[in-house]
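FYI, in our numbering the residues of the sequence shown are 3 to 559. Even for Gly, the Cβ is constructed at its ideal location relative to N, Cα and C.
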Amino acid sequence: MKNQLILGDNLEVLKKLPSESVDLCYIDPPFFSNRNYEVIWGDDGEIRSFKDRWSGGITHYTGWLYERVEQIYRVLKSTGSLYLHCDWHANAYIRVDILDKIFGMNHFRCEIIWQRHNSHNDAKKKFSVLTDTIWYYTKSNKSIYNPIYGSLDEKYTDSFYKYDDGDGKGLYKLVDMSSPNSRPNMMYEWKGFPYPLKGWRYKKETMEILDNENRIFYPKDTSGKFDLSKRPRSKKYLSETKGQLLSNLWFDIRNVQGSSKEHIGYPTQKPLALLERIIKASSNEGDVVLDAFCGGGTTLVAAQKLNRRFIGIDQSVQAIAVSQARLEKEQDLFSATFSVERYKYDYEAIRNQPAFEFESFIIEQFGGNSNSKQRSDGGIDGIKKEAGLSVPIQVKRSDNIGRNVIDNFKSAMARFDKTCKRGYIIGFSFGKGAVEEAARLKRDEGIEIILKKVEEIIPIAKPPRIEISYEWKEAGTKKDKEITFVAKGDKVEIWQWDFEYNEEKGFKGEIMLDKKGKQTKVLSTGKYQIAVRGVDKDGLEAIEVITIVINGGVCKE
3 MKNQLILGDN LEVLKKLPSE SVDLCYIDPP FFSNRNYEVI WGDDGEIRSF
53 KDRWSGGITH YTGWLYERVE QIYRVLKSTG SLYLHCDWHA NAYIRVDILD
103 KIFGMNHFRC EIIWQRHNSH NDAKKKFSVL TDTIWYYTKS NKSIYNPIYG
153 SLDEKYTDSF YKYDDGDGKG LYKLVDMSSP NSRPNMMYEW KGFPYPLKGW
203 RYKKETMEIL DNENRIFYPK DTSGKFDLSK RPRSKKYLSE TKGQLLSNLW
253 FDIRNVQGSS KEHIGYPTQK PLALLERIIK ASSNEGDVVL DAFCGGGTTL
303 VAAQKLNRRF IGIDQSVQAI AVSQARLEKE QDLFSATFSV ERYKYDYEAI
353 RNQPAFEFES FIIEQFGGNS NSKQRSDGGI DGIKKEAGLS VPIQVKRSDN
403 IGRNVIDNFK SAMARFDKTC KRGYIIGFSF GKGAVEEAAR LKRDEGIEII
453 LKKVEEIIPI AKPPRIEISY EWKEAGTKKD KEITFVAKGD KVEIWQWDFE
503 YNEEKGFKGE IMLDKKGKQT KVLSTGKYQI AVRGVDKDGL EAIEVITIVI
553 NGGVCKE
């Protein structure tokens with residue numbers, strides 16, 4: 003499965019994903035608070051979703067979420083896990099009315115409590131709520147789980163790791179070597195020490211290895227059969243410990259602050275460390291991670307960094323645009339590519355695809371199977387199964403298709419199957435001659451050649467037209483200039499800026515969320531390529547680039 007960013011209603015998108023194709027899903031759905039600040043992006047897709055889930059009370063909200071979790075359960079593999087992020091407004095309802103019913107109470111694994119470290123203005127009226135809940139469920143008892151170790155508490159290490167033999171191995175603590183259960187075969191004397199009440203933890207062979215490696219501490223008094231301080235104990239070195247196994251209380255990850263390098267500019271952004279922890283715990287490299295409410299793309303960026311594949315879904319054009327920019331900025335030569343699926347397809351991008359890629363894509367969207375041969379295909383680019391028959395398809399990446407194409411395709415149909423009486427030609431538009439000949443063949447010869455426009459198969463639109471202008475003034479010195487850039491474009495929802503644009507490296511957004519199309523930058527002497535990307539209501543994008551040269555007191559394009 004390829005990496006994907008998908009613009010659309012997550013319920014409808016989830017329904018199209020294959021069953022048992024996802025290893026891990028994290029979702030952070032809108033909280034049940036019915037507050038205006040829940041509308042983060044403000045575009046049409048998000049507002050529609052907001053109104054949908056708030057057309058009723060808690061019952062409607064849980065019903066809205068239930069449908070989506072039900073689909074997530076279907077697409078999860080048997081070894082898969084779900085982490086659902088919520089707050090106090092509805093966490094109890096979500097567990098009882100949704101997760102226990104879909105996953106089963108026996109597959110509840112943990113309630114993770116994450117402290118956000120925020121203070122609230124209502125703390126004088128009641129105890130301030132500083133935590134979120136993350137419900138952790140698995141699809142079966144054979145789920146992926148990799149133990150996560152946190153750093154050891156300094157007070158703990160000072161109290162227990164206080165021994166040092168001076169042999170260069172460092173500090174160690176003493177660990178009891180008695181068996182927790184009665185084990186008669188482990189009841190033997192060791193180096194003059196009687197065995198503990200239930201026997202030793204290790205066999206003699208293991209004790210000999212530990213002794214040879216100087217990993218056993220021997221007290222001077224050998225009489226302590228029941229006294230731990232008078233029994234041999236093993237040495238556990240601080241340098242060898244992985245840390246402390248993580249519990250369900252997560253206090254060590256702070257929420258994203260305005261001054262953070264991660265900060266994008268929307269209030270519910272989750273920290274990268276939080277998602278990295280979840281992904282490490284419940285997936286392995288190469289696994290598929292799904293976020294059906296991907297927002298600004300934190301889950302996807304974490305998955306990309308940790309060599310996982312990903313699927314991100316959101317109904318907001320702006321959310322997908324920001325997620326795309328974040329993924330692009332993090333990409334390097336070793337990063338896997340990803341695709342962006344929008345409400346409508348970019349007409350220019352579709353037209354400029356390599357011919358074979360276009361053929362394969364449009365035939366697949368039409369519900370057919372493309373021909374694997376790029377050449378010598380006999381004029382048949384693919385087939386579509388209809389009523390048990392294989393119906394041939396020919397694709398033309400052109401407009402105003404003429405009668406000659408109909409004539410040639412008729413011959414190709416006969417070569418494909420002498421009894422073939424039905425076929426499809428797909429193109430951007432058809433001329434009068436082609437339309438008339440297709441009608442004549444059907445009427446006079448009973449041969450049905452159906453002319454399908456690309457826009458009948460996929461929604462297409464042209465990307466926005468954008469332009470950049472700028473003004474400049476002195477910025478303290480003759481070398482520095484304060485430049486204000488202004489971008490304009492038709493129906494643009496969001497602007498993104500790359501002030502060090504390099505065509506070979508691609509767009510790397512420094513500013514990912516600009517709704518006004520205006521940015522001010524102080525630049526020194528030199529040559530700069532400035533790129534702005536505008537994304538419209540359909541999610542289609544356009545990039546405009548200008549070159550600025552600052553030479554002493556002159557600023558010119």
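- Query: Which residue's Cα is closest to the Cα of R310: E332, A441, S142, E287?
  - Reply: On the sequence shown, position 308 is the one that residue 310 refers to. Considering only alpha carbons, the answer is E287.
- Query: With I408 and E361 assumed to form a contact (beta carbons below 8 angstroms), what rounded beta-carbon distance in angstroms separates them?
  - Reply: Translated into positions along the sequence shown, residue 408 becomes position 406. Translated into positions along the sequence shown, residue 361 becomes position 359. Between E361 and I408 the Cβ distance is about 18 angstroms, and since that is not below 8 angstroms, they are no contact.
- Grouping DSSP H, G and I as helix and E and B as strand, with all else coil, what is M514? As a first step, residue 514 is located in the sequence shown; it is residue number 512 there, counting from the start. M514: strand per DSSP, three-state reduction.
- Backbone CA spacing between L101 and W90 [nearest angstrom]: For the purposes of this step, residue 101 is taken as the residue at position 99 of the sequence shown. For the purposes of this step, residue 90 is taken as the residue at position 88 of the sequence shown. Using only the alpha carbons, I get a separation of about 16 angstroms.
- Task: List in chain order: all unbroken alpha helix (DSSP H) runs of 4+ residues lying wholly within the segment 134-200.
- Result: 156-162
- Report yes if the CB atom of L277 is closer than 8 angstroms to the CB atom of G152, and no otherwise. Residue mapping note: residue 277 aligns to position 275 of the sequence shown, counting from 1. Residue mapping note: residue 152 aligns to position 150 of the sequence shown, counting from 1. Not in contact: L277 and G152 (Cβ atoms no closer than 8 angstroms).
- Message: For L453 and I485, I'd like the C-alpha separation in whole angstroms.
- Response: Counting from one through the sequence shown, the residue named residue 453 turns up at place 451. Counting from one through the sequence shown, the residue named residue 485 turns up at place 483. Roughly 53 angstroms separates the two Cα atoms.
- Task: Measure the C-alpha to C-alpha separation of T61 and P31 and round it to an integer number of angstroms.
- Result: Taking the sequence shown and counting its residues from 1, the one referred to as residue 61 is at position 59. Taking the sequence shown and counting its residues from 1, the one referred to as residue 31 is at position 29. Cα to Cα, the separation comes out at about 16 angstroms.
- Query: So which of L515, L132, A436 has the shortest CA-CA distance to I115?
  - Reply: Counted from its first residue, the sequence shown places residue 115 at position 113. Closest option to I115, Cα to Cα, is L132.
- Segment contact flag, the segment 441-451 with the segment 504-515, C-beta cutoff 8 angstroms, min 3 pairs: no
- N-terminal and C-terminal residue of the alpha helix (DSSP H) that K103 is part of: Here the question's residue 103 lines up with position 101 in the sequence shown. Here the alpha helix (DSSP H) through K103 covers 102-105.
- At which residues does the alpha helix (DSSP H) containing I460 begin and terminate? For the purposes of this step, residue 460 is taken as the residue at position 458 of the sequence shown. From DSSP, I460 is part of no alpha helix (DSSP H); its letter is neither H nor E.
- Of the residues D540, G370, V342, the one placed nearest S325, counting alpha carbons only: Along the sequence shown, one-based indexing puts residue 325 at 323. Nearest C-alpha to S325: V342.
- Task: Look at the alpha carbon of G519 and the alpha carbon of D419, and state the distance between them as a whole number of angstroms.
- Result: Translated into the one-based positions of the sequence shown, residue 519 becomes position 517. Translated into the one-based positions of the sequence shown, residue 419 becomes position 417. Approximately 58 angstroms between the Cα atoms of the pair.
- Opening and closing residue of the alpha helix (DSSP H) in which L276 lies: Taking the first residue of the sequence shown as 1, we reach residue 276 at position 274. Per DSSP, L276 belongs to the alpha helix (DSSP H) from 274-284.
- Message: Which same chain residues end up closer than 7 angstroms to E366 when comparing Cβ atoms and leaving out the 5 residues on each side of it in sequence?
- Response: Within the sequence shown, the letter at position 364 stands for residue 366. Correct list, in chain order: S372.
- So who's on the other strand from W499, going by DSSP bridges? Looking up residue 499 in the sequence shown gives position 497. DSSP lists I513, V534 as partners of W499.
- What's the C-alpha gap between W138 and G59? Stepping through the sequence shown from its first residue, residue 138 is reached at position 136. Stepping through the sequence shown from its first residue, residue 59 is reached at position 57. The sequence as given places Tyr at residue 138; Trp does not occur at that position. If I take the Cα positions, the gap works out to 25 angstroms.
- Item | Distance CB(Q317)-CB(G10) smaller than 8 angstroms | Taking the sequence shown and counting its residues from 1, one reaches residue 317 at position 315. Taking the sequence shown and counting its residues from 1, one reaches residue 10 at position 8. Yes.
- Message: Would S400 and F430 qualify as a contact pair, given that the criterion is a beta-carbon distance under 8 angstroms?
- Response: Residue numbering aside, residue 400 sits at position 398 when the sequence shown is read from its first letter. Residue numbering aside, residue 430 sits at position 428 when the sequence shown is read from its first letter. Closer than 8 angstroms, so yes.
- Message: I believe Y239 touches K171 by the beta-carbon criterion, under 8 angstroms. Please report the beta-carbon distance rounded to the nearest angstrom.
- Response: Translated into positions along the sequence shown, residue 239 becomes position 237. Translated into positions along the sequence shown, residue 171 becomes position 169. So it is a contact: roughly 6 angstroms between Cβ atoms.
- Query: So, helix, strand or coil for F430, using DSSP?
  - Reply: What you label residue 430 is simply residue 428 of the sequence shown in a count that begins at 1. Note: F430 maps to coil in three-state DSSP.
- Item | Continuous beta strand (DSSP E) stretch holding T522: start and end | Residue mapping note: residue 522 aligns to position 520 of the sequence shown, counting from 1. 520-525 is the span of the beta strand (DSSP E), which, as asked, contains T522.
- Which residue comes first and which comes last in the beta strand (DSSP E) that contains N309? Sequence index remark: in the sequence shown, residue 309 carries index 307 (1-based). Where N309 is concerned, there is no enclosing beta strand (DSSP E), given that its DSSP letter is neither H nor E.
- Query: Going by the CB atoms, is the gap between F312 and N5 shorter than 8 angstroms?
  - Reply: By 1-based counting over the sequence shown, the position of residue 5 is 3. By 1-based counting over the sequence shown, the position of residue 312 is 310. Going by C-beta atoms, N5 is nearer than 8 angstroms to F312.
- If you draw a straight line from the alpha carbon of L13 to that of A305, how long is it in whole angstroms? Locating residue 13 in the sequence shown gives position 11, where the first residue counts as 1. Locating residue 305 in the sequence shown gives position 303, where the first residue counts as 1. Taking the straight line from one Cα to the other gives about 22 angstroms.
- Item | Which of helix, strand or coil DSSP assigns to S341 | Within the sequence shown, residue 341 is the residue found at index 339, counting from 1. Three-state DSSP puts S341 in a strand.
- Query: Which residue comes first and which comes last in the beta strand (DSSP E) that contains A544?
  - Reply: Along the sequence shown, read from residue 1 onward, the residue named residue 544 stands at position 542. It spans 543-553 - the beta strand (DSSP E) in which A544 sits, taken as one unbroken run.
- Could you tell me which uninterrupted alpha helix (DSSP H) segments, each at least 4 residues in length, are contained entirely in the segment 342-387, listed from first to last along the chain? 349-353, 357-367
- Query: By a C-beta neighbour count over all protein chains shown, 10 Å radius and 16 as the cutoff for buried, is H109 buried or exposed?
  - Reply: Working through the sequence shown from its first residue, we reach residue 109 at position 107. H109 comes out buried.
- Starting from Y68, follow its DSSP beta bridges and name the residues at the other end. In the sequence shown, counting from the first residue as 1, residue 68 sits at position 66. Y68 is not bridged to any residue.
- Message: Between which residues of its own chain and R328 is the CB-CB distance below 6 angstroms, once the five residues before and five after are set aside?
- Response: Indexing the sequence shown from 1 puts residue 328 at position 326. Excluding sequence neighbours, R328 sits near G299, V303.
- Nearest-angstrom Cα separation, counted from A463 out to V437: By 1-based counting over the sequence shown, the position of residue 437 is 435. By 1-based counting over the sequence shown, the position of residue 463 is 461. Rounded to whole angstroms, V437 to A463 spans 24 angstroms at the Cα level.
- Task: Say whether chain C places a C-beta atom closer than 8 angstroms to the C-beta of R311.
- Result: Any reference to chain C falls outside this structure, which holds one protein chain only.
- Task: Confirm, please, whether the CB-CB distance from L84 to I74 is below 8 angstroms.
- Result: The residue given as residue 74 occupies position 72 in the sequence shown. The residue given as residue 84 occupies position 82 in the sequence shown. Yes; because the gap between Cβ atoms is below 8 angstroms, this pair is in contact.
- Item | Environment of Q259 [buried if 16+ CB atoms lie within 10 Å] | Walking along the sequence shown from the start, residue 259 turns up at place 257. With fewer than 16 Cβ atoms within 10 Å of its Cβ, Q259 is classed as exposed.
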